[in-house]
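Working notes for the structure below.
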Amino acid sequence: MVDLLNLQKFFIERHLREGGIAVDFTMGNGHDTEFLCKRVGDSGRVYAFDIQKNAYLATEARLTEHNLIDRCTLILDSHSNAERYITGEINAGVFNLGWLPGSGNKALTTKRETTLPAVRFSVSHLSQDGILLIAVYPGHEEGKAEGEEIAAYLSSLDRRVYCVSRFQILNSPTSPYFMITEKKEELS
Ligand SMILES: C[S@@+](CC[C@H](N)C(=O)[O-])C[C@H]1O[C@@H](n2cnc3c(N)ncnc32)[C@H](O)[C@@H]1O
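With the working numbering applied, the sequence shown covers 11 to 198.
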């Protein structure tokens, strides 16, 4: 059976190496941040965003427990302000949209008006051979609309520069799916 989470890691591992720069645009409980920190090693850097203090604290505790905290810059701010914190190129970016698992506060879900600017920022900062992965939860109204708007934007990208694809369980349309954007390497 297709395991979407393993598939996500499979793609990121092909683009993110020791010494790389990665961004977790939605840190939540820090599972993705932890994975990215392990991947970039001691010489790399991970930036992680969330607007909820609970998420920040949960991720800080997770990274401290796994001795990874020195590899990460935790940012308590909206990913739509990413340009204030990140100036260089990104080898891998991850958006895991929706609300903080276990928080009960579904009002603090990601929203189109802030997600779209952050997605545009991340695409424009991808390095050659960089990857952006966006997991969408279409089982609720905002998640469905958010996924459709992101897909429309990504579909408009120049295919000579980016390769955009989507992974979805076709016979379960409300299940989560993800899109990846890979920036092609320039031919010399
Ligand atoms: C599905 S959770 C992320 C799960 C996380 N990646 C993990 O591994 O546990 C989505 C997170 O996005 C956060 N979020 C919502 N709006 C945001 C924004 N504008 N900027 C940054 N994070 C945001 C929520 O607070 C929530 O913690």
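Don't be surprised by glycine CBs; every beta carbon is placed ideally from N, CA and C. Note that the structure is a prediction, hence the values are computed from the model and not measured.
Option nearest residue i by Cα separation, candidates the options
{"i": "Asn16", "options": "Leu110, Phe177, Thr184, Val56", "result": "Phe177"}
{"i": "Thr124", "options": "Tyr187, His135, Lys19, Gly153", "result": "Gly153"}
{"i": "Glu156", "options": "Thr119, His89, Glu75", "result": "Thr119"}
{"i": "His76", "options": "Leu107, Tyr57, His41, Tyr66", "result": "His41"}
{"i": "Met189", "options": "Val171, Leu167, Ile160", "result": "Ile160"}
{"i": "Thr9", "options": "Asp80, Asp168, Ser185, Cys47", "result": "Shown here, the chain extends from 11 to 198; a query on residue 9 therefore has no answer."}
{"i": "Leu136", "options": "Cys173, Phe20, Gly51, Asn64", "result": "Cys173"}
{"i": "Asp52", "options": "Asp80, Ala65, Lys63", "result": "Asp80"}
{"i": "Ser165", "options": "Val133, Thr184, Ser185, Val12", "result": "Val133"}
{"i": "Arg130", "options": "Ala162, Ser182, Glu151", "result": "Ala162"}
{"i": "Gln18", "options": "His150, Leu142, Arg170", "result": "Leu142"}
{"i": "Asn64", "options": "Arg170, Lys193, Leu110, Ala117", "result": "Leu110"}
{"i": "Gln62", "options": "Lys116, Phe20, Phe45, Val12", "result": "Lys116"}
{"i": "Arg170", "options": "His150, Lys193, Glu151", "result": "Lys193"}
Nonlocal neighbours in the same chain, by C-beta distance under 8 angstroms from residue i, ignoring five residues either side
{"i": "Gly112", "result": "Asn39"}
{"i": "Tyr187", "result": "Leu14, Ala145, Val146, Pro148, Gly157, Arg176, Phe177, Gln178, Ile179"}
{"i": "Tyr66", "result": "Met37, Asp60, Leu84, Leu86"}
{"i": "Ser182", "result": "none"}
Those residues which DSSP pairs with residue i across a bridge
{"i": "Asp34", "result": "Ala58, Val104"}
{"i": "Met189", "result": "Ile144, Arg176"}
{"i": "Leu136", "result": "Ile100"}
Residues near residue i in its chain [Cβ-Cβ closer than 6 angstroms; skip 5 each side]
{"i": "Gly54", "result": "Gly29, Gly30"}
{"i": "Ser185", "result": "Ile179"}
{"i": "Leu78", "result": "Cys47"}
{"i": "Asn105", "result": "According to the sequence displayed, residue 105 carries Phe and not Asn. Cβ within range, chain order: Phe35, Thr36, Ile144."}
{"i": "Arg49", "result": "Leu26"}
Neighbourhood of residue i by C-beta distance below 7 angstroms, restricted to the same chain and skipping five residues each side
{"i": "Tyr57", "result": "Val33, Thr83, Ile85, Tyr95, Ile96"}
{"i": "Thr43", "result": "Asp34, Met37, Val56, Ala58, Thr69, Leu73, Cys82"}
{"i": "Glu195", "result": "Gln138, Asp139"}
{"i": "His108", "result": "In the sequence under discussion, the amino acid at residue 108 is Gly, which differs from the His named in the question. Excluding positions up to five away in sequence, the list reads Thr119, Thr120, Tyr147, Gly153."}
- [ ] Specify whether the segment 24-33 and the segment 67-76 touch according to this definition: at least 3 beta carbon pairs, one from each stretch, less than 8 angstroms apart.
- [x] no
- [ ] Mind the definition here: the segment 122-141 touches the segment 88-104 only if three or more C-beta pairs lie below 8 angstroms; say whether that holds.
- [x] yes
Open item on the list: If we require 4 or more residues per run, which alpha helix (DSSP H) segments fall completely within the segment 52-98?
Closed with: 63-75
Open item on the list: Any contact between the segment 96-103 and the segment 27-36? By contact I mean 3 or more CB pairs, one from each, below 8 angstroms.
Closed with: yes
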